[in-house]
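Have a look at the structure below before the remarks.
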Amino acid sequence: MTLAVDTIERHSAHSGEIPGITTGFALLDKLTYGLQGGHLWVIAGGPSDGKSTVMQNILGAAMVAGAKSAVYQLEMPIDEQAIRFLSSDSGVSSQSLLMGTMTQEEKRALAESFHRMRQLGLDFVNVDGANADDIMADIEAGDYQVVMLDYLQLLDVQMVKGQNREQAISDVARKLKNLAKRKNVTILTGSQLN
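If you want my numbering, it's the 1-based position in the sequence shown plus 25.
Below you can see the structure in the form of C-alpha coordinates.
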(Lines of atoms letter the chains of each structure in order from A and count residues from 1; the text may use other names and numbers.)
(Lines give C-alpha, C1' and ligand atoms only; values in the text may rest on other atoms or scores of the structure.)
Protein backbone atom coordinates (compact mmCIF):
# COMPACT_ATOMS: atom_id res chain seq x y z
CA MET A 1 0.00 0.00 0.00
CA THR A 2 2.91 2.33 0.68
CA LEU A 3 4.04 1.94 -2.94
CA ALA A 4 0.54 2.85 -4.14
CA VAL A 5 0.42 5.96 -1.96
CA ASP A 6 3.91 6.98 -3.11
CA THR A 7 2.79 6.61 -6.73
CA ILE A 8 -0.36 8.68 -6.10
CA GLU A 9 1.69 11.42 -4.41
CA ARG A 10 4.18 11.45 -7.28
CA HIS A 11 1.33 11.83 -9.78
CA SER A 12 -0.30 14.56 -7.67
CA ALA A 13 2.88 16.60 -7.99
CA HIS A 14 2.21 16.66 -11.75
CA SER A 15 -1.55 17.20 -11.64
CA GLY A 16 -3.27 16.80 -14.99
CA GLU A 17 -0.27 15.25 -16.77
CA ILE A 18 -0.33 11.68 -17.98
CA PRO A 19 1.98 9.59 -15.80
CA GLY A 20 3.62 7.87 -18.78
CA ILE A 21 5.42 8.97 -21.90
CA THR A 22 3.13 10.29 -24.62
CA THR A 23 2.18 7.96 -27.45
CA GLY A 24 1.58 10.93 -29.73
CA PHE A 25 -2.10 9.97 -29.91
CA ALA A 26 -4.23 12.07 -27.54
CA LEU A 27 -7.05 9.53 -27.27
CA LEU A 28 -4.62 6.67 -26.65
CA ASP A 29 -2.86 8.71 -23.96
CA LYS A 30 -6.22 9.45 -22.33
CA LEU A 31 -7.18 5.76 -22.29
CA THR A 32 -3.80 4.31 -21.28
CA TYR A 33 -2.09 7.19 -19.44
CA GLY A 34 0.78 6.89 -21.90
CA LEU A 35 3.69 4.49 -22.16
CA GLN A 36 4.67 3.31 -18.72
CA GLY A 37 7.56 1.13 -17.71
CA GLY A 38 6.73 -2.50 -17.11
CA HIS A 39 4.18 -2.76 -19.89
CA LEU A 40 4.09 -4.85 -23.05
CA TRP A 41 2.01 -3.32 -25.82
CA VAL A 42 0.89 -5.67 -28.58
CA ILE A 43 -0.37 -3.88 -31.69
CA ALA A 44 -2.41 -6.49 -33.55
CA GLY A 45 -3.87 -6.50 -37.03
CA GLY A 46 -3.98 -8.29 -40.33
CA PRO A 47 -1.24 -8.26 -42.95
CA SER A 48 -0.46 -4.71 -44.17
CA ASP A 49 -2.86 -3.10 -41.66
CA GLY A 50 -0.22 -0.60 -40.49
CA LYS A 51 1.00 -2.23 -37.27
CA SER A 52 4.61 -1.18 -37.91
CA THR A 53 3.56 2.36 -38.76
CA VAL A 54 1.54 2.72 -35.56
CA MET A 55 4.45 1.40 -33.49
CA GLN A 56 6.86 3.70 -35.33
CA ASN A 57 4.64 6.73 -34.65
CA ILE A 58 4.34 5.83 -30.97
CA LEU A 59 8.09 5.32 -30.69
CA GLY A 60 8.72 8.61 -32.51
CA ALA A 61 6.56 10.51 -30.02
CA ALA A 62 8.35 8.81 -27.12
CA MET A 63 11.72 9.80 -28.58
CA VAL A 64 10.66 13.43 -28.95
CA ALA A 65 9.54 13.30 -25.29
CA GLY A 66 13.11 12.27 -24.40
CA ALA A 67 12.77 8.49 -24.01
CA LYS A 68 15.88 6.47 -24.87
CA SER A 69 14.59 4.08 -27.52
CA ALA A 70 15.58 1.15 -29.70
CA VAL A 71 14.20 -0.72 -32.69
CA TYR A 72 14.66 -4.47 -33.06
CA GLN A 73 13.59 -4.92 -36.67
CA LEU A 74 12.76 -8.44 -37.86
CA GLU A 75 10.51 -7.65 -40.80
CA MET A 76 12.72 -5.44 -42.97
CA PRO A 77 16.35 -4.38 -43.31
CA ILE A 78 17.52 -1.78 -40.79
CA ASP A 79 18.17 0.84 -43.48
CA GLU A 80 14.59 0.50 -44.76
CA GLN A 81 13.24 1.04 -41.23
CA ALA A 82 15.53 4.05 -40.77
CA ILE A 83 14.26 5.51 -44.06
CA ARG A 84 10.70 5.12 -42.80
CA PHE A 85 11.57 7.06 -39.63
CA LEU A 86 13.31 9.79 -41.64
CA SER A 87 10.41 10.01 -44.08
CA SER A 88 7.87 10.32 -41.29
CA ASP A 89 9.90 12.87 -39.35
CA SER A 90 10.94 15.01 -42.34
CA GLY A 91 7.67 14.89 -44.25
CA VAL A 92 9.56 13.76 -47.35
CA SER A 93 7.83 10.86 -49.07
CA SER A 94 9.51 7.47 -49.04
CA GLN A 95 9.18 7.45 -52.80
CA SER A 96 11.29 10.62 -53.11
CA LEU A 97 13.89 9.17 -50.75
CA LEU A 98 14.07 5.81 -52.50
CA MET A 99 13.94 7.15 -56.05
CA GLY A 100 16.40 9.98 -55.39
CA THR A 101 14.00 12.61 -56.69
CA MET A 102 14.10 15.04 -53.76
CA THR A 103 13.75 18.77 -54.28
CA GLN A 104 16.20 21.16 -52.60
CA GLU A 105 13.57 21.90 -49.96
CA GLU A 106 13.12 18.17 -49.31
CA LYS A 107 16.88 17.73 -49.04
CA ARG A 108 17.00 20.47 -46.39
CA ALA A 109 14.09 18.87 -44.52
CA LEU A 110 15.84 15.49 -44.68
CA ALA A 111 19.12 16.95 -43.36
CA GLU A 112 17.29 18.62 -40.47
CA SER A 113 15.47 15.38 -39.72
CA PHE A 114 18.70 13.38 -39.86
CA HIS A 115 20.35 15.69 -37.30
CA ARG A 116 17.26 15.70 -35.08
CA MET A 117 17.02 11.89 -35.16
CA ARG A 118 20.72 11.52 -34.31
CA GLN A 119 20.30 13.84 -31.34
CA LEU A 120 17.30 11.85 -30.12
CA GLY A 121 19.53 8.76 -30.04
CA LEU A 122 17.36 6.05 -31.53
CA ASP A 123 19.27 2.75 -31.70
CA PHE A 124 18.60 0.38 -34.59
CA VAL A 125 19.76 -2.99 -33.27
CA ASN A 126 21.02 -5.56 -35.78
CA VAL A 127 19.18 -8.81 -35.03
CA ASP A 128 20.37 -10.84 -38.01
CA GLY A 129 20.89 -14.41 -36.80
CA ALA A 130 19.53 -13.63 -33.32
CA ASN A 131 16.83 -15.72 -31.70
CA ALA A 132 14.20 -14.53 -29.21
CA ASP A 133 16.44 -15.25 -26.21
CA ASP A 134 19.32 -13.26 -27.77
CA ILE A 135 17.05 -10.27 -28.36
CA MET A 136 15.61 -10.40 -24.85
CA ALA A 137 19.14 -10.61 -23.39
CA ASP A 138 20.11 -7.53 -25.41
CA ILE A 139 17.07 -5.60 -24.15
CA GLU A 140 17.93 -6.75 -20.63
CA ALA A 141 21.48 -5.41 -20.98
CA GLY A 142 20.34 -2.08 -22.47
CA ASP A 143 19.12 1.04 -20.73
CA TYR A 144 16.15 1.79 -22.96
CA GLN A 145 12.84 3.22 -21.82
CA VAL A 146 10.90 2.18 -24.94
CA VAL A 147 11.68 -0.69 -27.29
CA MET A 148 10.00 -1.57 -30.59
CA LEU A 149 10.17 -5.23 -31.60
CA ASP A 150 8.71 -5.71 -35.06
CA TYR A 151 7.12 -8.26 -34.95
CA LEU A 152 6.24 -11.15 -32.64
CA GLN A 153 5.64 -13.96 -35.15
CA LEU A 154 8.98 -13.35 -36.85
CA LEU A 155 10.94 -14.17 -33.70
CA ASP A 156 13.09 -17.26 -33.93
CA VAL A 157 11.79 -19.21 -30.94
CA GLN A 158 12.98 -22.40 -29.30
CA MET A 159 10.17 -24.95 -29.21
CA VAL A 160 10.07 -27.76 -26.68
CA LYS A 161 8.86 -31.23 -27.62
CA GLY A 162 5.08 -31.37 -28.07
CA GLN A 163 4.76 -27.58 -28.31
CA ASN A 164 3.32 -25.90 -31.39
CA ARG A 165 4.50 -22.54 -32.74
CA GLU A 166 1.49 -20.69 -31.29
CA GLN A 167 2.34 -21.93 -27.80
CA ALA A 168 6.00 -21.03 -28.29
CA ILE A 169 5.05 -17.47 -29.35
CA SER A 170 2.75 -17.23 -26.32
CA ASP A 171 5.69 -18.22 -24.10
CA VAL A 172 7.85 -15.51 -25.70
CA ALA A 173 5.11 -12.90 -25.16
CA ARG A 174 4.98 -13.88 -21.49
CA LYS A 175 8.78 -13.60 -21.25
CA LEU A 176 8.64 -10.17 -22.92
CA LYS A 177 6.03 -9.03 -20.39
CA ASN A 178 8.19 -10.26 -17.51
CA LEU A 179 11.22 -8.53 -19.04
CA ALA A 180 9.27 -5.26 -19.36
CA LYS A 181 8.29 -5.45 -15.69
CA ARG A 182 11.75 -6.42 -14.48
CA LYS A 183 13.54 -3.68 -16.48
CA ASN A 184 10.75 -1.07 -16.11
CA VAL A 185 10.73 -0.61 -19.89
CA THR A 186 7.85 -0.34 -22.35
CA ILE A 187 8.04 -2.93 -25.12
CA LEU A 188 6.01 -2.36 -28.29
CA THR A 189 5.51 -5.35 -30.55
CA GLY A 190 3.22 -6.24 -33.40
CA SER A 191 1.21 -9.40 -33.82
CA GLN A 192 -0.25 -10.46 -37.13
CA LEU A 193 -3.78 -11.79 -36.99
CA ASN A 194 -4.91 -14.46 -39.44
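Glycine included, each C-beta is placed from N, C-alpha and C at the ideal position.
Checklist entry - By a C-beta neighbour count over all protein chains shown, 10 Å radius and 16 as the cutoff for buried, is L56 buried or exposed? => result Here residue 56 corresponds to residue number 31 of the sequence shown, with the count starting at 1. With fewer than 16 Cβ atoms within 10 Å of its Cβ, L56 is classed as exposed.
Item to check | Top-ranked residue by Cα proximity to D168, from A198, G154, A92, R141 | outcome: Residue numbering aside, residue 168 sits at position 143 when the sequence shown is read from its first letter. D168 has its Cα closest to that of A92, out of A198, G154, A92, R141.
Checklist entry - Does DSSP put A51 in a helix, a strand or coil? => result Locating residue 51 in the sequence shown gives position 26, counting from the first residue. Correct three-state label for A51: helix.
Checklist entry - What distance in whole Å lies between the Cβ atoms of L213 and M80, which are believed to be in contact at a cut-off of 8 Å? => result The residue given as residue 80 occupies position 55 in the sequence shown. The residue given as residue 213 occupies position 188 in the sequence shown. Their Cβ separation, rounded to whole angstroms, is 5 Å, which keeps M80 and L213 in contact under 8 Å.
Item to check | Simplified DSSP state of G85, which is helix, strand or coil | outcome: Position 60 of the sequence shown holds residue 85. Residue state, collapsed to three classes: helix.
Checklist entry - Pairing CB atoms from the region 116-127 with CB atoms from the region 152-162, are three or more of them under 8 Å? => result no
Next on the checklist: Using the Cβ count rule (16 or more neighbours within 10 Å means buried), how would you classify M26?
Outcome noted: Along the sequence shown, one-based indexing puts residue 26 at 1. Answer is exposed; the Cβ neighbour count stays below 16.
Next on the checklist: With distance defined between alpha-carbon atoms, name the residue in H64, G215, G45, L84 nearest to L147.
Outcome noted: Counted from its first residue, the sequence shown places residue 147 at position 122. Distances from the CA of L147 to each of H64, G215, G45, L84 were compared; the closest alpha carbon is that of L84.
Next on the checklist: Would you call the region 171-191 in contact with the region 93-109, where contact means no fewer than 3 C-beta pairs closer than 8 Å?
Outcome noted: Contact between the region 171-191 and the region 93-109 is present, because at least three Cβ pairs lie under 8 Å.
Checklist entry - Going by the CB atoms, is the gap between I43 and Y58 shorter than 8 Å? => result Translated into the one-based positions of the sequence shown, residue 58 becomes position 33. Translated into the one-based positions of the sequence shown, residue 43 becomes position 18. Their beta carbons are under 8 Å apart, which means Y58 touches I43 by this criterion.
Checklist entry - Which runs of the beta strand (DSSP E) fall wholly inside the region 165-200 and span at least 3 residues, in chain order? => result 171-175
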